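Residue numbers (the numbering used here): 1079 to 1563. This report concerns only the one structure given below.
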Amino acid sequence: LVSFNPNANLILSEDLSAPDYTYVKGDDYFDRSIQPTPGNSKAPTVPEYYNATLSNGINIIGTESSEVPKVYLRLTIGGGALVEDVKRVGLADFTAEMMNESTLDKTTEQMSVALRTLGSSIRFSSDDEATYMYIESLTKNLDATLKLAEEKLLKPAFNDEDFKRIQKQYIESIEAGNKNAQNLASEAYSKQLFGDTPFGRSVTKKTIKKIKTKNLRDYYSSFYTPKTTSVIVVGDISKEELIPKLSFLEQWKGEELNLPKASDFEFPAEEQTQIYLIDKEGASQSVIFMGHKSDLYDVAGDHYKSKIVNYPLGGGASGRLFLNLREDKGYTYGVYSFFNASKYTGAFTIFSSVKTAATDSALIEIFNEVNDITTNGITEEEIASTKSSMLNSEALKYETPGKKLGFLNKMLKYNLDESFITDQVEVLNNISKAELDALAKAKIHPDKMTIVIVGNSYLIKKKLENLGTGKDGMKFNFKVTEIKK
């Protein structure tokens, strides 16, 4: 096949190879050296919602959303790792993974085909505090999807073939995680902060190999119970249409279960700032997790106010840490800090991955910024920017189905009503510089930092042992302990 262009030899009336054009620069009335002033903050719009309770005590909260013809449900079954056998860490998550496999009536493949045919999905997962069942369906196929959900929830098979495959995948995942610097740092950091509790333990090959199918069945029969279950619904369906469709959940029976309270757990005592080093031979970067325990979750109290304090420090690309370590020094692609909390734990954390050669310098700069904000406080400009940014981000938090699920979940989990949003906005609008400065001193403790670094020990250990001085002559002399992976 030959391509032929009949106009290839055509002579143009004008030679365009070197036109006699002159570039004229247009007028630019926008000064890019001046940061734009933020617009007026938007008030969050809270979705309307409804509540219901089934005969076996399952609480339901939902909101109608007709943007797309779909329904999203999430069942939360309290327990998770809180109630698993300490000798078999990972049992809660393993059980949830097995719930994604065969039922007594269908193989894994048959169930997968049935869901694909409907354009639906059903997925189980687990964390420290609960097990979750996620259901997504087109509204027109909801009845058929819920029939499959009933089968998966109430008739799991826990067969040996699925068990062997999932266990093998777990072991491979653990081996891969042991090669990942960020995973190693995160696990070691949690262990140092929260010790031998569900929040500090890590899944290992040893604990996974101890799990048998009997353990999975026992966990399911003991801890998958309607007594600790709630349901969240977001989608194109009304309360009146939905509740009858969930009647299958009323067939689910289970014993009362008293979940542990925060006071049931004892965490390691706070110590003077020290560094825990994990060697990763040949690493070109050092992963840093550092921080300390903090307040438990609250709606508009010290935990929420601490998040306001943190925003100008490490809440994003405009934070002091980011501007110093990335924009000014070029040590990292990103560095962030945050307060996170639940009913059981709370922590203040700073995270970054930095160049190996700059590990010690980056650590000094982090401390410089932390010491500065705890000593000198926050500027009026930072306060104005923080309030505007946080209010505007709140305004977008309840728009997508996933964000609406998260909003309703927070209300159920912490027994809130919609007024909590108003409470937070009021705190954010009215908090003063004096209060924020006092909170910075009270809630961020540079002298109580647990620092976990995963990197090339050969190149960085001596430097970490001799950090020297920071800004204003502050001396850093931290104990460095090398720990195993």
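Beta carbons are placed, not taken as given, at the ideal position from N, Cα and C, and that holds for glycine. Since the model is a prediction, treat every value here as computed from it, not as a measurement.
Whose CA, out of N1388, N1083, P1084, E1126, lies closest to the CA of D1495?
Along the sequence shown, read from residue 1 onward, the residue named residue 1495 stands at position 417. Cα-wise, what sits closest to D1495 is E1126.
Decide yes or no for the touch test of the region 1173-1182 against the region 1218-1236: beta carbon pairs closer than 8 Å, at least 3 of them.
yes
Between the alpha carbons of L1517 and S1180, how many angstroms are there, rounded?
Stepping through the sequence shown from its first residue, residue 1517 is reached at position 439. Stepping through the sequence shown from its first residue, residue 1180 is reached at position 102. Spanning the two alpha carbons is a distance of roughly 52 Å.
Grab the span of the alpha helix (DSSP H) containing Q1260 for me, first residue to last.
The residue you call residue 1260 lines up with position 182 of the sequence shown. Here the alpha helix (DSSP H) through Q1260 covers 1259-1272.
Apply the 10 Å Cβ neighbour rule to S1372 and answer buried if 16 or more other Cβ atoms are within range, or exposed otherwise.
As a position in the sequence shown, residue 1372 is number 294, starting the count at 1. Buried is the call here.
Does S1415 pass the burial test, meaning 16 or more other C-beta atoms within 10 Å, or should it be called exposed?
To locate residue 1415, count along the sequence shown from 1; it is residue 337. The residue in question, S1415, is buried, as its Cβ has 16 or more Cβ neighbours within 10 Å.
Closest residue to Y1150 among S1133, K1549, A1227, D1238 (Cα-Cα distance)
As a working mapping, residue 1150 is identified with position 72 in the sequence shown. The option with the nearest alpha carbon to Y1150 is A1227.
Please tell me whether I1428 and I1531 are closer than 9 Å, where the distance is taken between their beta carbons.
Reading the sequence shown from its first residue, position 350 is the one you call residue 1428. Reading the sequence shown from its first residue, position 453 is the one you call residue 1531. No; because the gap between Cβ atoms is not below 9 Å, this pair is not in contact.
Beta-carbon separation of T1410 and A1378 under 9 Å?
Walking along the sequence shown from the start, residue 1410 turns up at place 332. Walking along the sequence shown from the start, residue 1378 turns up at place 300. The answer is no: Cβ separation not under 9 Å.
Comparing alpha-carbon positions, which option in T1452, D1525, A1130, T1528 lies nearest L1320?
One-based indexing of the sequence shown puts residue 1320 at position 242. Checked all of T1452, D1525, A1130, T1528; the closest Cα to L1320 is A1130.
Contact check, K1364 vs T1434, beta carbons under 9 Å
If you number the sequence shown from 1, residue 1364 lands on position 286. If you number the sequence shown from 1, residue 1434 lands on position 356. Residue identity differs from the one stated: residue 1364 is Ser in this sequence, not Lys. Yes, the pair counts as a contact, with Cβ atoms nearer than the cut-off.
Looking at C-beta atoms only, is the number of pairs between the region 1481-1499 and the region 1134-1152 that lie closer than 8 Å three or more?
yes
Taking C-beta to C-beta, are F1343 and P1390 nearer than 9 Å?
The count along the sequence shown starts at 1 and reaches residue 1343 at position 265. The count along the sequence shown starts at 1 and reaches residue 1390 at position 312. It is not a contact, given that the beta carbons lie outside the stated cut-off.
Based on the DSSP output, what are the partners of T1547 in its beta bridges?
By one-based count along the sequence shown, residue 1547 stands at place 469. Paired residue(s): K1553.
Is it a yes or a no for the region 1444-1464 touching the region 1386-1403, going by three-plus beta-carbon pairs under 8 Å?
yes
Taking all protein chains shown into account, decide if T1453 is buried (16 or more other Cβ within 10 angstroms of its Cβ) or exposed.
Locating residue 1453 in the sequence shown gives position 375, counting from the first residue. Exposed is the call here.
Spatial neighbours of K1563 within its chain, please: C-beta separation below 7 Å, excluding the five flanking residues on both sides.
Looking up residue 1563 in the sequence shown gives position 485. N1256, L1262, I1356, listed in sequence order.
D1376 to I1139 span [Cα, whole Å]:
Mapped onto the sequence shown, residue 1376 falls at position 298. Mapped onto the sequence shown, residue 1139 falls at position 61. Their Cα atoms are separated by approximately 21 Å.
Continuous beta strand (DSSP E) assignments of at least 3 residues falling wholly in the region 1195-1242
1199-1204, 1208-1216
Mind checking S1268: buried by the 16 CB within 10 Å criterion, or exposed?
If you number the sequence shown from 1, residue 1268 lands on position 190. It counts as buried.
Beta strand (DSSP E) runs contained entirely in the region 1265-1348, provided each spans 3 or more residues
1307-1313
Pop quiz: T1528 and M1368 are said to be a contact at Cβ under 8 Å. What is the actual Cβ separation, rounded to whole angstroms?
Position 450 of the sequence shown, counted from the start, is the residue given in the question as residue 1528. Position 290 of the sequence shown, counted from the start, is the residue given in the question as residue 1368. Between M1368 and T1528 the Cβ distance is about 7 Å, and since that is below 8 Å, they are a contact.
Going by C-alpha to C-alpha distance, which of F1426, L1327, P1338, N1402 sits closest to V1370?
Here residue 1370 is taken as the residue at index 292 of the sequence shown, counted from 1. It is worth fixing the name first, because residue 1370 is His in this sequence and not Val. It is F1426 whose Cα lies nearest to the Cα of H1370.
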